[in-house]
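Undergrad: Each residue of the sequence shown is one higher than the one before, starting from 14 at the first, in the numbering used here.
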Amino acid sequence: MTQSSCLCGANRISFSGPPILTFRCHCTDERKLTGVAFALNILMSSENLEVVSGDLSTWSKSADNGNTITNHSCGQCGSLLYRTTTGHPGTMVIKAGCIDDVDAAKEFMPSVEIFTRSRVPVCVILPRFVIAVGRSEILTRYSGFRQFKVRSNV
Numbered sequence: 014m015t016q017s018s019c020l021c022g023a024n025r026i027s028f029s030g031p032p033i034l035t036f037r038c039h040c041t042d043e044r045k046l047t048g049v050a051f052a053l054n055i056l057m058s059s060e061n062l063e064v065v066s067g068d069l070s071t072w073s074k075s076a077d078n079g080n081t082i083t084n085h086s087c088g089q090c091g092s093l094l095y096r097t098t099t100g101h102p103g104t105m106v107i108k109a110g111c112i113d114d115v116d117a118a119k120e121f122m123p124s125v126e127i128f129t130r131s132r133v134p135v136c137v138i139l140p141r142f143v144i145a146v147g148r149s150e151i152l153t154r155y156s157g158f159r160q161f162k163v164r165s166n167v
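1. Leaving aside the five residues before and after Ser131 along the sequence, list all residues of the same chain whose C-beta is less than 7 Å from its C-beta, in chain order.
2. Tell me the rounded alpha-carbon separation between Leu62 and Thr71.
3. For a test of the three-state rule: what should DSSP assign to Ala76, helix, strand or coil?
4. Look at Thr83 and Ser73 and say whether their C-beta atoms are less than 9 Å apart.
5. Please report the straight-line C-alpha distance between Glu120 and Gly30, rounded to a whole angstrom.
6. Could you give the residue range of the beta strand (DSSP E) that holds Leu93?
7. On a Cα-Cα basis, can you pick out the residue from His85, Ala50, Ile112 that is closest to Phe128?
8. Straight-line CA distance for Cys136 to Glu43?
9. Looking at the unbroken alpha helix (DSSP H) that takes in Thr129, where does it start and where does it end?
10. In angstroms, rounded to a whole number, what distance separates the CA positions of Gly79 and Thr99?
Here's what the structure looks like:
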C-alpha cells in the first residue's frame with residue numbers, strides 16, 4: 014500500500030490499487046489550496062483508503078457545477094491529503110506531493126492536464142499530455158464516453 018502523510022506527521026493515510034487517472038490540475042482552487050501554479054493529483058477509488066493515524070479535519074465548498082468538494086486535511090499543519098466530491102462518489106483525489114516514498118511517487122506521473130484555460134503562462138504544455146477543459150470531462154472520457162472535445166498531444 015502507498016502511504017501519504019501531512020507535513021507535521023500527525024496524519025497518515027494509505028491507499029492501494031491502480032489509479033483511475035493521474036493528472037496535473039490548473040484550476041484556480043488548486044492554486045489557492047497549494048500556493049503553486051498547479052497540483053499533481055491521483056484519482057483513485059476510495060474503497061481502499063485507510064486512515065493509518067491521526068484524525069483528519071474536513072471542510073467543504075460548492076463547486077461552480079453545484080457539486081460539493083470536501084477537503085481532508087491535517088487539523089494541525091493544514092496539509093491537504095485528499096479531496097472527495099459528490100460529483101464522483103466512490104473516488105478520491107490524492108495529493109501526489111504528500112506521498113511519502115519518492116520511488117512510489119514516480120509511479121504516479123501525470124498523464125493529462127485539466128483546467129488548462131486557467132494555466133499560468135509560466136507552465137508549458139508537456140508533449141505527452143492529453144488536454145481537457147475540466148475534471149468532469151476527463152473523467153467522462155476515461156469512463157468510456159465521448160461527450161466532449163479533447164486535444165491530444167501524444
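In this text, a Cβ means the ideal position worked out from N, Cα and C, and glycines have one as well.
TA: Answer, in terms of the structure:
1. Result list for Ser131: His39, Cys40, Thr41, in chain order.
2. In a straight line, the C-alpha of Leu62 is about 16 Å away from that of Thr71.
3. coil
4. yes
5. 12 Å
6. Looking at the DSSP string, the run of the beta strand (DSSP E) that includes Leu93 is 93 to 98.
7. When each option's Cα is compared against that of Phe128, the closest is Ala50.
8. 15 Å
9. Note, Thr129: premise wrong, no alpha helix (DSSP H); not H, not E.
10. Here the C-alpha atom of Gly79 lies approximately 9 Å from the C-alpha atom of Thr99.
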